[in-house]
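Note that my numbering has the sequence shown beginning at 103, numbered continuously upward.
C-beta: ideal position from N, C-alpha, C; glycine also.
Shown next, in structure tokens, is the structure this report addresses.
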Amino acid sequence: MTLKSIWRRESAKRSRFAKERERCDRNWPFHKERARAVFEELTSLSDDFLIIDHEQQMNDQRDSFPAHWGQDSIAIYEIARLTGQRTVYTNGTSVHIDHMRESGGGLVIHYGYETALIQIFLAPPKTSKSLIKKNDVLIFSGFNTDVLTSDFIRTLVAKYLIFIRVESVLHRSTFLESYRVRFWRFIDARNTRQIFDKPYIFLNQWELSLAVGLLAVISLVVSILKP
């Protein structure tokens, strides 16, 4: 095999990938509008949510904040709300009240031009003055914008609603829902090197011991009942 033949195959692959990337770049605006339409379905049903368009935000705030181009995103967030907790500061005759609030979690569909990389994140709600650091969850990553169908985006919204109920201090969730969120964190590709470290571990030591015990009991019962 000559280097010329090796490069010929390599060049063909690069050309094919470049054409696919260009196609995704052209199609992204259409998929983005499809995501917006699904998000608007939710905002029409509830006033608790708002839509954030990255490029629109950059255009509106170009004189106030650094502009990050070469990427785009469409996101839906739950609006910030007061938690009911507050700190009162008294200094002589003046009184200052600091209300604690929770900024709502989000579902972010992010696209990188030139790379054609789609990343979809679940951003957790964050409480002001909280000492607990909450990280977002990479729920999907891929290089084909065609996956962004309306049905797929609706399944993402369903997961997002579960996620913010589990992560929020203002909502309640079921036992199974909390384990679903824990599993999503566990399979986040960015956490593969620390899956045995909190908070990304799927089962803690007690739960792991219980699972092993249950498997042992099941194996014993099966061995007894087996003819």
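What are the boundary residues of the beta strand (DSSP E) that includes residue i?
i           : result
residue 211 : 208-214
residue 239 : 239-244
residue 220 : 219-225
residue 182 : That residue, residue 182, is in no beta strand (DSSP E); it is neither H nor E in DSSP.
residue 154 : 151-155
I need the straight-line Cα distance from residue i to residue j, nearest angstrom please.
i           : j           : result
residue 132 : residue 247 : 10 Å
residue 197 : residue 279 : 42 Å
residue 202 : residue 111 : 59 Å
residue 130 : residue 155 : 13 Å
residue 108 : residue 281 : 48 Å
residue 191 : residue 127 : 53 Å
residue 286 : residue 116 : 33 Å
residue 301 : residue 114 : Note that residue 301 has pLDDT 46, beneath the 50 cutoff, so the model's placement of it is unreliable and no number is given.
residue 173 : residue 289 : 25 Å
Find the nearest neighbour of residue i within the set the options, judged by alpha-carbon distance.
i           : options            : result
residue 277 : 287, 264, 116      : 264
residue 182 : 176, 204, 192, 194 : 204
residue 245 : 218, 255, 228, 256 : 218
residue 234 : 176, 271, 147, 190 : 271
residue 240 : 221, 257, 208, 284 : 221
residue 187 : 195, 200, 178      : 200
residue 268 : 115, 206, 290      : 206
residue 157 : 175, 238, 142      : 175
residue 291 : 273, 275, 242      : 242
Along the chain, where does the alpha helix (DSSP H) containing residue i start, and where does it finish?
i           : result
residue 289 : 277-289
residue 252 : 252-269
residue 139 : 105-147
Am I right that residue i and residue j are in contact with their C-beta atoms under 8 Å? What's the rounded C-beta distance?
i           : j           : result
residue 260 : residue 211 : Residue 260 to residue 211, Cβ: 15 Å. No contact.
residue 180 : residue 151 : 6 Å
residue 140 : residue 266 : Wrong, their Cβ atoms sit about 16 Å apart, outside the cutoff.
residue 184 : residue 258 : The Cβ separation is near 28 Å, so there is no contact.
residue 227 : residue 238 : Actually they do not touch by this definition, with Cβ atoms about 11 Å apart.
residue 153 : residue 142 : 7 Å
Are three or more beta carbon pairs between the stretch 244-263 and the stretch 131-151 nearer than 8 Å?
yes
Does the structure place the stretch 121-129 close enough to the stretch 207-225 that three or more beta carbon pairs sit under 8 Å?
yes
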